[in-house]
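Protein chains in written order, with the working numbering: chain A, 374 to 593; chain B, 26 to 124.
Worksheet: one structure, shown below.
What follows is the structure, given as structure tokens:
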């Protein structure tokens with residue numbers, strides 16, 4: 374059954390998405406075989422994409438069990454609808470868009486309804502990053518590794534984390550994010566800026582503080 | 026309208042500069058302004074130039090996260106296979122109908 378509201382159309386991705394999602398060897402053949410119902414081809418496509426889809430779900434949801442459920446949903450949906458993939462965009466772009474839409478639908482079902490999304494992705498004033506009007510801390514350049522960044526992203530408020538992951542990690546454009554999140558483009562830009570400010574604040578703190586922020590976020 | 030209102034700005038505060046940052050980053054200029062007043066502020070304000078440098082750095086470092094770091098458990102593929110099997114059973118029972 375078609376899930377209500379899930380967009381399966383192939384829209385032309387921005388150039389950053391092509392750069393970030395280059396074709397994978399053997400993928401095109403596997404897609405064609407999967408369209409014909411070849412079980413081996415499904416297995417190959419799953420092996421090629423499971424880690425990125427799961428990591429995307431995990432970053433958006435922050436919960437292993439939900440991320441596994443959504444990974445399962447995304448691949449089942451993919452295999453059921455693979456016949457409609459026409460190759461107009463990179464396969465991984467199509468798959469990631471499908472995954473993002475499924476996760477957003479899941480979050481809306483949990484209470485983040487479409488009308489209030491723009492408001493609910495704004496964290497409270499307490500969580501908002503401080504503007505920089507005078508602190509003299511050392512600059513970040515060269516000091517942040519992947520693990521520290523991953524930890525800081527995980528401790529962001531959900532609305533900030535969502536926009537940061539979609540834009541800066543996955544490479545979606547603001548207008549695409551605005552459509553997906555059903556908010557304005559300006560809101561997407563603003564949320565991204567606040568997310569980066571918050572990350573800067575977190576990354577300049579001692580590591581212990583980031584872990585505490587993550588625990589606080591997980592408890593909410 | 027007074028003639029004072031049409032005078033070009035000669036300086037901006039940190040607050041004004043930082044208010045422009047979301048659009049400056051979104052415009053593809055990576056936080057670097059074209060407006061001469063903002064350029065001048067960026068050149069002379071240590072705090073704002075450090076802020077722009079850090080935000081550029083964070084945006085650049087985000088690509089580190091593109092490489093997947095987590096793997097789903099084997100159970101996920103098992104459940105997907107079960108779902109696909111049940112699709113096949115259903116379509117075999119109802120030939121000509123797609124799932």
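Note that the Cβ used here is the ideal one computed from N, Cα and C, for glycine as well.
Here the structure is a predicted model, which is why all the values come from computation and not from measurement.
* Asked: Relative to the C-alpha of residue 534(A), which residue among 563(A), 513(A), 548(A) is closest?
  -> 563(A)
* For the region 535-555 of chain A and the region 99-115 of chain B, state whether three or more C-beta atom pairs, one from each stretch, are separated by less than 8 Å. => no
* Do residue 420(A) and residue 431(A) have their C-beta atoms closer together than 9 Å? -> no
* Select from 83(B), 94(B), 108(B) the residue whose C-alpha is nearest the C-alpha of residue 515(A). => 83(B)
* Residues of chain A with a CB under 7 Å from the CB of residue 50(B): which are they? -> 566
* Listed by chain order, chain B residues near residue 466(A) by CB distance under 8 Å -> Result: empty, since nearest Cβ-Cβ is about 13 Å, beyond 8 Å.
* Asked: Roughly how many angstroms separate the alpha carbons of residue 464(A) and residue 417(A), rounded to a whole number?
  -> 14 Å
* To do: Give the residues from the region 538-564 of chain A that approach chain B closer than 7 Å (Cβ to any Cβ), ordered along the chain.
  => 541, 542, 547, 562, 563
* Asked: So, are the CB atoms of residue 471(A) and residue 483(A) less than 9 Å apart?
  -> no
* Asked: CB-CB under 8 Å to residue 358(A), same chain, minus the five flanking residues each way: which ones, in chain order?
  -> Since the first residue of chain A shown is 374 and the last is 593, residue 358(A) is not available in this structure.
* Show which residues of chain B have a CB atom less than 8 Å away from the CB atom of residue 473(A). => Those within 8 Å of residue 473(A) in chain B number zero; the least Cβ separation is about 15 Å.
* CB contact below 9 Å: residue 119(B) versus chain A -> no
* Closest residue to residue 408(A) among 437(A), 398(A), 451(A) (Cα-Cα distance) -> 451(A)
* To the nearest angstrom, how far is it from the Cα of residue 491(A) to the Cα of residue 557(A)? -> Note that residue 491(A) scores 46 on pLDDT, short of 50, meaning its location in the model is unreliable; the coordinates nonetheless yield the value given after this. Taking the straight line joining both Cα atoms gives about 8 Å.
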